[in-house]
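In what follows, a single structure is set out as structure tokens and then discussed.
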Amino acid sequence: MLGETLVGVATIRAFGEQGRFVAENEAKVDHNHEACFASIGANCWVAVRLEFIDNVLILTAASFAAEVETNIVSCERVIEYTKLKQEGPWESDQQHRPNPSWPKKGEIVFQDVQCRYRDGLDVVLKGVDFKVQAQEKIGICGRTGAGKSTIALSLFRLVEKAAGRILIDGVDISHIGLNDLRSKISIIPQDSQCFEGTWRANLDPEGSKTDEELWRVLEHCKLKPHIQSLEGGLEAKIEEGGHNLSHGQRQLLCLSRAMLLKSSKILLMDEATSSVDPETDSDIQAVIRKEFQSFTVLVIAHRLNTIMDCNKVLVVDKGKVIEFDSPHILRENKDSEFYKMCQEAGLID
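Take the sequence shown: its letters are residues 1 to 349, numbered as in UniProt numbering.
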């Protein structure tokens, strides 16, 4: 209509119909704009919807890819665990089940023991050979990586020997179930483990001890005054990992557990006092001398002064036993490795 109006503008003016044609053209333009605005709005809405859908798809794909990657890593770890060498049987078979009173004495013998952490790796212990008499206190020392902790791990069969024999009271531990073996040996590790719960539950997880037994042990370990000062006493809470206890208190708690394990005749201390203050170290040594007289005690030492009162000292170097004698004899021998270590520690002028 606009084109026709422009062509016939002279005629429109001649008849004086300008107003009518202006009104008709404005009505047509308005009607066209209504459709145009609707089209533009629809296009914008479609664009927003498509953009939103694209972003959702991208976000979903990214999230799915991340989840798949995480799950694949988990599967790889599970597969890795399935390939780990299985530990020995948990329970002893009828033929090799030890007497319930085993071990009666606590005699330990290593006969040409060799250990490696995995098949294909070099041996860490190389023909370790020594004998610990019942109720002896033996200090084990050596430089970092010498094989001290490996001796402890092999005693618990956490690392299986590659050759040789380990005997406790004449019984080869390789024939004994892990539960029967490990339940007969007490250990105080360098980092004592505490569980979330009460003092009572940490001391006596099986609930087989009386309050009198618990308080007696705590008194000997010099923890009784501290626990009595807590609200609830034995029911006082211990946080996960023992974060509300000092390192010394965690070590004394572990020592209390060992005292409650009456069936044990062997106590292993794996650098148990390396991170405690001298006063707590002195308390721990005093408790061991008094309460573990009937035990065979193996002390893996970080501080050489803590093993000077041992019956013998086992010096390990590069996986071999190089010296095994009284600490006083080794200390007097200026050619011994123990003498050199004492010099470095400032124990010899």
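We put the CB at the ideal spot given by N, CA and C, even for glycine.
Bear in mind the structure is a predicted one, so any value in this text is a computation, not a measurement.
Do residue j and residue i count as a contact pair if the criterion is CB distance below 8 Å?
| i | j | result |
| --- | --- | --- |
| residue 109 | residue 126 | no |
| residue 137 | residue 299 | yes |
| residue 140 | residue 314 | yes |
| residue 116 | residue 156 | no |
| residue 166 | residue 113 | yes |
| residue 239 | residue 196 | yes |
| residue 159 | residue 321 | no |
| residue 270 | residue 152 | yes |
| residue 312 | residue 325 | yes |
| residue 267 | residue 297 | yes |
| residue 209 | residue 264 | no |
| residue 92 | residue 176 | yes |
| residue 234 | residue 289 | no |
| residue 277 | residue 248 | yes |
| residue 111 | residue 164 | yes |
Determine the direct distance from the alpha carbon of residue j to that of residue i, and round the result to whole angstroms.
| i | j | result |
| --- | --- | --- |
| residue 256 | residue 142 | 28 Å |
| residue 60 | residue 34 | 39 Å |
| residue 281 | residue 220 | 14 Å |
| residue 348 | residue 329 | 14 Å |
| residue 284 | residue 273 | 8 Å |
| residue 216 | residue 169 | 30 Å |
| residue 350 | residue 18 | Nothing about residue 350 can be read from this structure; the chain reaches only from 1 to 349. |
| residue 202 | residue 337 | 41 Å |
| residue 144 | residue 331 | 20 Å |
| residue 174 | residue 122 | 21 Å |
| residue 38 | residue 55 | 26 Å |
| residue 259 | residue 64 | 54 Å |
| residue 6 | residue 36 | 23 Å |
| residue 295 | residue 68 | 54 Å |
| residue 206 | residue 214 | 13 Å |
| residue 162 | residue 319 | 13 Å |
| residue 381 | residue 76 | Since the first residue of the chain shown is 1 and the last is 349, residue 381 is not available in this structure. |
| residue 29 | residue 50 | 31 Å |
| residue 11 | residue 3 | 14 Å |
| residue 250 | residue 62 | 46 Å |
| residue 323 | residue 204 | 39 Å |
| residue 80 | residue 120 | 17 Å |
| residue 23 | residue 42 | 29 Å |
| residue 40 | residue 20 | 30 Å |
| residue 70 | residue 291 | 51 Å |
| residue 13 | residue 48 | 49 Å |
| residue 15 | residue 9 | 10 Å |
| residue 154 | residue 244 | 33 Å |
Report buried or exposed for residue i, applying the criterion of at least 16 other Cβ atoms within 10 angstroms of its Cβ.
| i | result |
| --- | --- |
| residue 193 | exposed |
| residue 45 | exposed |
| residue 327 | buried |
| residue 147 | buried |
| residue 150 | buried |
| residue 90 | exposed |
| residue 342 | buried |
| residue 74 | exposed |
| residue 212 | exposed |
| residue 57 | exposed |
| residue 72 | exposed |
| residue 287 | buried |
| residue 242 | buried |
| residue 180 | buried |
Can you give me the Cβ contacts of residue i inside the same chain, cut-off strictly under 6 Å, excluding the 5 residues immediately before and after it?
| i | result |
| --- | --- |
| residue 252 | 221, 223 |
| residue 230 | 236 |
| residue 334 | none |
| residue 301 | 139, 141, 307 |
| residue 106 | 134, 265, 266, 296 |
| residue 189 | 270 |
Given residue i, which residues of its chain have a CB within under 8 Å of its CB, disregarding the five upstream and five downstream residues?
| i | result |
| --- | --- |
| residue 171 | 98, 102, 103 |
| residue 293 | 135 |
| residue 303 | 273, 274, 281, 345 |
| residue 118 | 85 |
| residue 198 | 232, 234, 235, 236, 237, 238 |
Under 7 Å Cβ to Cβ from residue i, same chain only, skipping five residues before and after it: list those, please.
| i | result |
| --- | --- |
| residue 87 | 178 |
| residue 27 | none |
| residue 310 | 137, 138, 139, 299, 327 |
| residue 218 | 224, 227, 256 |
* **Start-end ranges of the alpha helix (DSSP H) lying completely within the region 310-335, minimum 4 residues** => Given a length threshold of 4 residues, each whole run of the alpha helix (DSSP H) inside the region 310-335 is given here in chain order: 327-332.
* Any chance you could list the alpha helix (DSSP H) runs of at least 4 consecutive residues sitting entirely within the region 117-172, in chain order? => DSSP assignment within the region 117-172 yields the following whole alpha helix (DSSP H) runs of 4 residues or more, N-terminal first: 148-155.
* Could you pull out every unbroken beta strand (DSSP E) segment of at least 3 residues lying fully inside the region 232-276, listed in chain order? => List check, beta strand (DSSP E) in window: 266-270.
* Would you mind listing the beta strand (DSSP E) stretches within the region 58-124 that are 3+ residues and don't spill past its ends, in chain order? => Runs found: 108-115.
* To do: Enumerate, from N- to C-terminal direction, the unbroken beta strand (DSSP E) stretches of 3 or more residues contained entirely within the region 280-308.
  => With a minimum length of 3 residues, the continuous beta strand (DSSP E) runs that stay inside the region 280-308 are 296-300.
* Asked: Counting only runs that start and end within the region 3-55, where is the alpha helix (DSSP H) found for 4 or more residues in a row?
  -> Counting only runs that start and end inside the region 3-55, the alpha helix (DSSP H) elements of at least 4 residues fall at 9-15.
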